[in-house]
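S.K.:
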Amino acid sequence: LDDDGNGYVNFSEFAEFTTKRKVKLPLGLDSLLGSACGKDSTLRCGVMDCWCKSFVENRPRCKYGAECYQKKQEHREAYCHPDDPDWKVKSTGRDTNMCRCGHKRKLHSSSSRCSGAVSYPAYWTSPGTLPRSGEDADFNQLVPVDTETLLRLQRLIDLTYSDVTTRDRLRHGGSWMVPRNFEAVCASRNENSKLWRKYSVKKAELQLEKRLADASTDSSLPEYKVIDDVETTKAWEASAADELDASINEWYLWHGTSGSAAQNICQNDFKMRLAGSTTGTLYGRGSYLAESITKADEYAKEEDGCFTVLLCRVLGGRVQYTLERTPDADGLMNDCVEGPYDCVVGDRKKVSGTYREFILFDSENIYPEYAVTYKRGELFKSPSHP
Numbered sequence: 001l002d003d004d005g006n007g008y009v010n011f012s013e014f015a016e017f018t019t020k021r022k023v024k025l026p027l028g029l030d031s032l033l034g035s036a037c038g039k040d041s042t043l044r045c046g047v048m049d050c051w052c053k054s055f056v057e058n059r060p061r062c063k064y065g066a067e068c069y070q071k072k073q074e075h076r077e078a079y080c081h082p083d084d085p086d087w088k089v090k091s092t093g094r095d096t097n098m099c100r101c102g103h104k105r106k107l108h109s110s111s112s113r114c115s116g117a118v119s120y121p122a123y124w125t126s127p128g129t130l131p132r133s134g135e136d137a138d139f140n141q142l143v144p145v146d147t148e149t150l151l152r153l154q155r156l157i158d159l160t161y162s163d164v165t166t167r168d169r170l171r172h173g174g175s176w177m178v179p180r181n182f183e184a185v186c187a188s189r190n191e192n193s194k195l196w197r198k199y200s201v202k203k204a205e206l207q208l209e210k211r212l213a214d215a216s217t218d219s220s221l222p223e224y225k226v227i228d229d230v231e232t233t234k235a236w237e238a239s240a241a242d243e244l245d246a247s248i249n250e251w252y253l254w255h256g257t258s259g260s261a262a263q264n265i266c267q268n269d270f271k272m273r274l275a276g277s278t279t280g281t282l283y284g285r286g287s288y289l290a291e292s293i294t295k296a297d298e299y300a301k302e303e304d305g306c307f308t309v310l311l312c313r314v315l316g317g318r319v320q321y322t323l324e325r326t327p328d329a330d331g332l333m334n335d336c337v338e339g340p341y342d343c344v345v346g347d348r349k350k351v352s353g354t355y356r357e358f359i360l361f362d363s364e365n366i367y368p369e370y371a372v373t374y375k376r377g378e379l380f381k382s383p384s385h386p
């Protein structure tokens, strides 16, 4: 059940387990995901021996009953008559939460599973992503992007570039020197139904949690800090990318890695049991992401003369924001995996003029959407060099 190996099982992982095992019991995903399930999703009645195969709002009875003289289609659709199955359903008026079979909406669940359980970005091309495609099988493929998308990614790289160097560059690369630029060579879009489904369920959970928090009068809850100035998010959304949900701190962020590791992440997700093994653990053993391509590049590894970063969608949720120079890594991690927070933002940009880092401890909060292969430009001694 613990798919990402972080030592905790969340609802997304349990829902994914039931999908894999083809458990035919409703999990409540239809009400949780709402429109994410798609307006064309069929809600089948789960009451034993019920004839209903699709939820349809019940109708009031025609007051004339069998004596009705109306022949108009509009009337026949608006009111039920003795020869209609829902005539036996007691009703004083139209009820959007009651089906014509006589059972409430909550007793109906989507017949979709696997790829059909959620909706997908409109620009995805894998089988199963299109409405009414008839596909209900999982898919997992890296799709090479077109020239226009590669140019947009190059523009994003340029906009999030900085010449500031840090100790991490020295630690991982052996030098303080910074590349003058980065050149995108190629990129692929990760279309993975399993990972997207887990991400979508987690996003819906956070949205529900935020609505409940806004309506709550519980003063013991920590502040829900919204960070809406993330450079990657602003720049990528401005280039016609999907607009994210800023109210729950959904961001676009870079993650530096190797080409082989990037392929493994896109196929199998981030593995939290390995977190910190290459990037360090200043803020705890989690996955480290950045808004600056230069910061992400500090963690990238060369393979065949090129480097790789992932452009990820990230669910920040309730943020544990810290300005500490020497933070309590275990304490921050516990705040997220056992406490009320969902991620850590270490703002070393404000503290020491370097970068902000975003640390996640649950793989469901991250969707690796693009794998970008690039080359480093000429190394130089930047003004920030010690």
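Going by our numbering, the first residue of the sequence shown is number 1, and it counts up by one from there. In this text, a Cβ means the ideal position worked out from N, Cα and C, and glycines have one as well.
1) For a quick check, are the C-beta atoms of Gly305 and Asn249 less than 9 Å apart?
2) Could you pull out every unbroken alpha helix (DSSP H) segment of at least 4 residues lying fully inside the segment 133-174, listed in chain order?
3) Could you pull the start and end residues of the beta strand (DSSP E) that Ile366 belongs to?
4) Measuring alpha carbon to alpha carbon, tell me which of Cys186, Cys50, Phe358 ends up nearest Arg100.
5) Within 10 angstroms of the Cβ of Asp362, are there 16 or more other Cβ atoms? Answer buried if so, exposed if not.
6) Hey, quick one: how far does the alpha helix (DSSP H) through Cys336 stretch, first residue to last?
7) Taking its Cβ as the centre, do 16 or more other Cβ atoms sit within 10 Å of Glu357, making it buried, or is it exposed?
8) In its own chain, which residues sit with a C-beta less than 7 Å from the C-beta of Pro327, not counting the 5 before and 5 after it?
9) Where does the unbroken alpha helix (DSSP H) through Glu77 begin, and where does it stop?
10) Please state whether the Cβ-Cβ distance between Arg152 and Ala290 is less than 9 Å.
11) Using alpha carbons as the reference points, say which of Ser126, Asp146, Gln320, Ser260 lies closest to Pro222.
12) In the DSSP assignment, find the unbroken beta strand (DSSP E) run with Arg189 in it and report its ends.
13) Whose CA, out of Leu206, Ser193, Ala213, lies closest to the CA of Asn365?
14) In the DSSP assignment, find the unbroken alpha helix (DSSP H) run with Arg348 in it and report its ends.
15) Within its chain, find whatever has a CB closer than 7 Å to the CB of Ala275; leave out the 5 residues flanking it on each side and keep chain order.
16) Answer with yes or no whether the minimum CB distance from Tyr199 to chain B is below 9 Å.
17) Are three or more beta carbon pairs between the segment 158-177 and the segment 81-88 nearer than 8 Å?
18) Would you list the one or two residues that DSSP bridges to Cys312?
19) Do three or more CB pairs link the segment 325-342 to the segment 374-385 at distances below 8 Å?
20) Taking Cβ positions, are Thr149 and Ala204 nearer each other than 9 Å?
21) Taking 8 Å as the cut-off, does the segment 164-184 touch the segment 367-377 (at least 3 CB pairs, one atom from each stretch)?
22) Assuming Tyr224 contacts Lys210 (C-beta within less than 8 Å), just tell me the rounded distance between them.
23) Among the candidates Lys350, Gln267, Tyr79, Trp251, whose CA atom is the shortest distance from the CA of Ile359?
24) With DSSP as the reference, label Cys401 as helix, strand or coil.
25) Please list, in chain order, all residues of the same chain as Thr259 whose beta carbon is under 6 Å from its beta carbon, the five residues on each side excluded.
26) Could you tell me which uninterrupted beta strand (DSSP E) segments, each at least 3 residues in length, are contained entirely in the segment 42-68, listed from first to last along the chain?
27) Apart from the five residues on each side of it in sequence, which residues of its chain come closer than 6 Å, Cβ to Cβ, to Lys53?
28) Let's test the definition: count the other Cβ atoms within 10 Å of the Cβ of Gly173 and tell me whether it reaches 16, buried, or not, exposed.
29) Measure the CB-CB distance between Val226 and Ala246 and report whether it falls below 9 Å.
30) Following the continuous alpha helix (DSSP H) through Ala235, name the residue where it begins and the one where it ends.
31) For Val230, tell me which candidate among Arg197, Leu159, Gln267, Leu170 has the shortest Cα-Cα distance.
32) Kindly indicate the opening and closing residues of the alpha helix (DSSP H) around Ile293.
33) Please classify Glu298 as buried or exposed, where buried requires at least 16 other C-beta atoms within 10 Å of its C-beta.
34) Taking the DSSP output, what are the residues bridged to Met98?
35) When you compare the CB positions of Trp254 and Leu311, do they come within less than 9 Å of one another, or not?
36) Do you know how far the Cα of Asp242 is from the Cα of Val47?
M.R.: The short version:
1) In this structure, Gly305 keeps its C-beta atom at 9 Å or more from the C-beta atom of Asn249.
2) 147-159, 167-173, all fully within the segment 133-174.
3) Counting along the chain, the beta strand (DSSP E) containing Ile366 begins and ends at 366-376.
4) Nearest of Cys186, Cys50, Phe358 to Arg100, Cα basis: Cys50.
5) By the 16-neighbour rule on beta-carbons within 10 angstroms, Asp362 is buried.
6) Residues 329-337.
7) Under a 10 Å Cβ-count criterion, Glu357 is classified as buried, with 16 or more other Cβ atoms of the shown protein chains found around its own Cβ.
8) Leaving aside the five residues that flank Pro327 on each side, the residues in its chain whose CB is nearer than 7 Å to its CB run, in chain order, Leu282, Tyr283, Gly346.
9) Per DSSP, Glu77 belongs to the alpha helix (DSSP H) from 73-78.
10) Taking 9 Å as the cut-off, the beta carbon of Arg152 is found no closer than this to the beta carbon of Ala290.
11) Minimum Cα distance to Pro222 is reached at Gln320.
12) According to the DSSP assignment, Arg189 belongs to the beta strand (DSSP E) that extends over 182-192.
13) The shortest CA-to-CA distance from Asn365 to any of Leu206, Ser193, Ala213 is the one to Leu206.
14) From DSSP, the alpha helix (DSSP H) with Arg348 extends over 348-352.
15) With a pLDDT of 48 at Ala275, under the threshold of 50, the predicted position of this residue should be treated as unreliable, though the coordinate-derived value follows. Cβ within range, chain order: Arg285, Gly286, Ser287.
16) Checking the listed chains, one finds no chain B in this structure; it contains a single protein chain.
17) Judged by Cβ distances under 8 Å, the segment 158-177 makes no contact with the segment 81-88, as fewer than three pairs qualify.
18) Note: Cys312 sits in a beta bridge opposite Leu253, Pro368.
19) Taking 8 Å as the limit for Cβ pairs, the verdict is that the segment 374-385 does not touch the segment 325-342.
20) No, they are not a contact pair.
21) With a cut-off of 8 Å, the segment 164-184 and the segment 367-377 count as touching, because enough Cβ pairs lie within range.
22) At roughly 7 Å, the Cβ-Cβ gap stays under 8 Å, so Tyr224 and Lys210 are in contact.
23) When each option's Cα is compared against that of Ile359, the closest is Trp251.
24) No answer is possible for residue 401: it lies beyond the span of the chain, which begins at 1 and ends at 386.
25) One point to set straight first is that residue 259 is Gly, not Thr, in the sequence displayed. Taken in chain order, the residues that qualify are Glu303, Thr308.
26) If we require 3 residues or more, the beta strand (DSSP E) runs fully inside the segment 42-68 come out as 43-45.
27) Cβ within range, chain order: Arg44.
28) Classification of Gly173: buried, given that the 10 Å Cβ count is 16 or more.
29) Yes, the Cβ-Cβ distance between Val226 and Ala246 is below 9 Å.
30) 231-238 is the extent of the alpha helix (DSSP H) around Ala235.
31) Here the closest residue by C-alpha is Leu159.
32) Ile293 -> alpha helix (DSSP H) spans 293-297.
33) Looking at its Cβ environment, which holds 16 or more other Cβ atoms inside 10 Å, Glu298 is buried.
34) Beta bridge pairing from DSSP links Met98 with Lys104.
35) Here Trp254 is near Leu311, since their CB atoms are less than 9 Å apart.
36) The straight-line gap separating the alpha-carbon atoms of Val47 and Asp242 is approximately 39 Å.
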